[in-house]
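The block underneath contains the structure these notes are about, expressed in structure tokens.
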Amino acid sequence: MNRTESEALADWLVAVLDWSAVESFHRISEGHSREMVVATATNGERVVVRIEQGGVFGTDGIRESRLMTGLHEHGVPVARVLAGDERGVVMGRRFFVMEYVPSVPGKPPPVGDFIGVLHAMHGIDPTSGSLGDLLGVSNVANVREATMTQVRRWRDVYRSSTDEPVALLERSAEWLMINAPEGDRLSVVHGDAGPDNFVHDGKRVLAITDWEFGHVGDPMEDWVFCIQMRGSRALPKDEWLGQLATITGIRIAPEVWRYWEAFNYFKGSCANLTCRRLYETGANPAPNMAIVGTAVYRMFLQKLIEFDGAV
């Protein structure tokens, strides 16, 4: 955020939030999909501003803010969305503002509470309230079709980010479409669930964050992603699976785990390609875009190669 943008944002926050003045802006370094800034008022009140960065990962911040609002209305612990600029008038980029939820540093994540919270969210009727229209539930007939929709989505995201088809990604998309599991129920799916994407005080989950991948689908997607991609930062896989079974009664069949493992590598490869395109075109010249779009992309692609060779 440059000086002109910060001045415009400060004036807007004063007007919309009824602040006397903005004391400071502090950029949060974590995450890639949105630029995140903590704005502090002169009275000490703080909010978080999530600002678009050119469509990183093929996601949309306004849709994210609306989903958060809908989930908040259903009792899911998410930061309350306070306001936003859906047209990008204020600073030339769209953004939304949400409440600041402080964490307690140095505390291990409360895995058990998180499992319970995520499981409860999966039990929400995705057709209720504003969620049905926002998630496009009427466009999918069942869990398998919702999963296939996600495969097509990520295939299209990757195709829009490269001039030539990537044979491995095309082949992976075909395999994922053919082998999509039937699933048990349609649920709200976070899409990036796990440690580092929820705020806690060491005992309870205070807010689940980073909803840019939220959609309707198979809750198994969240569980496998959490344990496979993020969970090792908190617990070994076997301990995650044990707690999941104890708290929810869910046991993930080997073939289901294998499917979502492949999906995660495919999705990661497709999503990270968007960063390379944004960097190469100058739409987002930040160094982290180059890193994610090259080194991280190749890491996911290598995992997919290894999986492909084992099929």
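Following the working numbering, the numbering of the sequence shown begins with 38 at its first residue and continues without gaps.
Here a beta-carbon is modelled for each residue, glycine too, at the ideal position from N, C-alpha and C.
Being a predicted model, the structure only gives us computed values, none of them experimental.
According to the neighbour-count rule (16 or more other Cβ atoms, all chains shown, within 10 Å of its Cβ), is residue i buried or exposed?
i	result
Q339	exposed
V154	buried
G121	buried
I152	buried
H252	buried
D247	buried
E292	exposed
I103	The sequence given here has Arg at residue 103, not Ile. R103 is buried by the Cβ-count criterion.
D48	exposed
V126	exposed
E249	buried
N80	exposed
E258	buried
S209	buried
T184	buried
D170	exposed
Which residues bound the beta strand (DSSP E) around residue i?
i	result
L119	V118 to D122
R131	Here R131 belongs to no beta strand (DSSP E), and DSSP marks it neither H nor E.
S224	S224 to V226
V236	F235 to H237
Confirm, please, whether the CB-CB distance from residue j to residue i is below 8 Å.
i	j	result
L172	F303	no
F337	G286	no
A271	P146	yes
Y137	V84	yes
S224	P273	no
A299	C263	no
N309	V261	no
V75	I88	no
G279	P232	no
D238	V141	yes
Q90	R71	yes
Looking at the unbroken alpha helix (DSSP H) that takes in residue i, where does it start and where does it end?
i	result
V51	R40 to L54
V188	V180 to R196
I148	Position check: residue 148 holds Val in this sequence, whereas Ile was assumed. V148 -> alpha helix (DSSP H) spans V148 to H159.
K240	K240 -> no alpha helix (DSSP H), and no H or E assigned at all.
R288	Run containing R288: none; DSSP gives neither H nor E here.
L272	Counting along the chain, L272 falls outside any alpha helix (DSSP H), and DSSP gives it neither H nor E.
Can you find a C-beta in chain B that's less than 8 Å from the C-beta of residue i?
i	result
G228	Chain labels in this structure do not include chain B; a single protein chain is all it has.
Q) On the three-pair Cβ rule with 8 Å, is the stretch 85–102 touching the stretch 130–150? A) Segments in contact, yes.
Q: Quick one: which unbroken alpha helix (DSSP H) runs of 4-plus residues sit fully inside the stretch 245–269? Chain order, please.
A: Listed in chain order, the complete alpha helix (DSSP H) runs (minimum 4 residues) inside the stretch 245–269 are 256–262.
Q | Touching by the beta-carbon criterion (3+ pairs, under 8 Å), the stretch 164–180 and the stretch 232–243 | A | Touching, no, given that fewer than three Cβ pairs across the two stretches are closer than 8 Å.
Q) In the stretch 60–114, which residue ranges form an unbroken alpha helix (DSSP H) of at least 4 residues, counting only runs that do not cross its ends? A) The qualifying runs are 98–110.
(Q) Taking 8 Å as the cut-off, does the stretch 108–126 touch the stretch 156–167 (at least 3 CB pairs, one atom from each stretch)? (A) For the pair of segments examined, the stretch 156–167 was found to touch the stretch 108–126: the number of CB pairs separated by less than 8 Å reaches three.
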